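Here the structure is laid out as structure tokens; the discussion comes afterwards.
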Amino acid sequence: LTLAVVLPRRNLTYPWAWPRVGPAVRLAVAAVNSRRDLLPGFTLRWVFGDSEDRHGVCSEIAAPLAAVDLRLAHQPAAFVGPGCVYTAAPAHGFDDKREEFALTTRAGPSHRKLGELGVRLHRRFNWTHRALLVYWDERVDDRPCFFAAEGLYVQLSTLRNLTVMDVVFQDGGNFSFVIQEI
Numbered sequence: 001l002t003l004a005v006v007l008p009r010r011n012l013t014y015p016w017a018w019p020r021v022g023p024a025v026r027l028a029v030a031a032v033n034s035r036r037d038l039l040p041g042f043t044l045r046w047v048f049g050d051s052e053d054r055h056g057v058c059s060e061i062a063a064p065l066a067a068v069d070l071r072l073a074h075q076p077a078a079f080v081g082p083g084c085v086y087t088a089a090p091a092h093g094f095d096d097k098r099e100e101f102a103l104t105t106r107a108g109p110s111h112r113k114l115g116e117l118g119v120r121l122h123r124r125f126n127w128t129h130r131a132l133l134v135y136w137d138e139r140v141d142d143r144p145c146f147f148a149a150e151g152l153y154v155q156l157s158t159l160r161n162l163t164v165m166d167v168v169f170q171d172g173g174n175f176s177f178v179i180q181e182i
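Note that full-length UniProt numbering gives residue 20 to position 20 of the sequence shown, counting from 1, and the numbers run on in steps of one.
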């Protein structure tokens, strides 16, 4: 059985970078292979694909391509990674046999759960006024703030006493307009 690992190769700003996660993968594979009762008749091995672009950033292009290359070359039974916010869905989308990975899951912060926490806090403290500002820029790195805000945006709209709306504004524009809208 093959485990495909798609993670940043060198960039240690990511907690899931290969230098941090690699030793655990190696130990886990060795532990599984040392216990013949876990996967009888199989030997577990791992293959690696880099999710970094040439600047060392988790890439929405490099990670899916690495995943596809590993899929075609090694037919892995499971994937670990890519870990980057935007890269998981496209990597899965390249596969025309999605039912083989029907149990795909993400291990990390659940933004929906964050939104549910927001709903509970609003109910518990009877909050009636709130504002959530999300700054949008043109960077191409991971966007964890966007996804965290999305969880709140989606879940808070389930409250009956809350109007959820988005107001698009340009950097350097009239911010007093935005405050008045809120």
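Even glycine gets a Cβ: it sits at the ideal position worked out from N, Cα and C.
What you are looking at is a predicted structure, and each value in this text was computed from that prediction instead of being measured.
DSSP places phenylalanine 125 inside the alpha helix (DSSP H), whose first and last residues are 111 to 125.
Phenylalanine 42 sits in coil when the DSSP states are folded into three classes, being neither helix nor strand. When C-beta atoms of the stretch 70 to 86 are compared with those of the stretch 110 to 130, fewer than three pairs fall below 8 Å, so the two segments do not count as touching. With contacts defined as CB atoms closer than 8 Å, valine 25 and valine 6 fail to qualify as a contacting pair. Residue environment analysis places phenylalanine 177 among the exposed positions, since fewer than 16 neighbouring C-beta atoms fall within 10 angstroms of its C-beta. Within the stretch 13 to 90, the complete alpha helix (DSSP H) segments at least 4 residues long are 18 to 34 and 62 to 74, listed from N- to C-terminus.
DSSP places leucine 7 in the strand class (E or B) of the three-state scheme.
Valine 47 sits away from leucine 72, with the two beta carbons spaced by 8 Å or more. Take the alpha-carbon of alanine 148 and the one of glycine 115: they are about 8 Å apart. Under DSSP, no beta-bridge partner is assigned to threonine 128. Around leucine 38, the same chain offers Val32 as residues with beta carbons nearer than 8 Å, after the five sequence neighbours per side are excluded. Scanning its chain for C-beta atoms nearer than 6 Å, with the 5 sequence neighbours on each side dropped, one finds around valine 29 the residues Leu44 and Trp46, in chain order.
Checking the DSSP bridge columns, you'll see threonine 2 partnered with Arg45.
Around the beta carbon of serine 51, 16 or more other beta carbons lie within 10 angstroms, which makes this residue buried. Here DSSP, grouped into helix, strand and coil, assigns leucine 152 to helix. With contacts defined as CB atoms closer than 8 Å, threonine 2 and alanine 66 fail to qualify as a contacting pair. Around the C-beta of glycine 41, fewer than 16 other C-beta atoms lie within 10 Å, and the residue is accordingly described as exposed.
In terms of CA proximity to tyrosine 153, Gly118 leads the group Gly118, Asp53 and His55.
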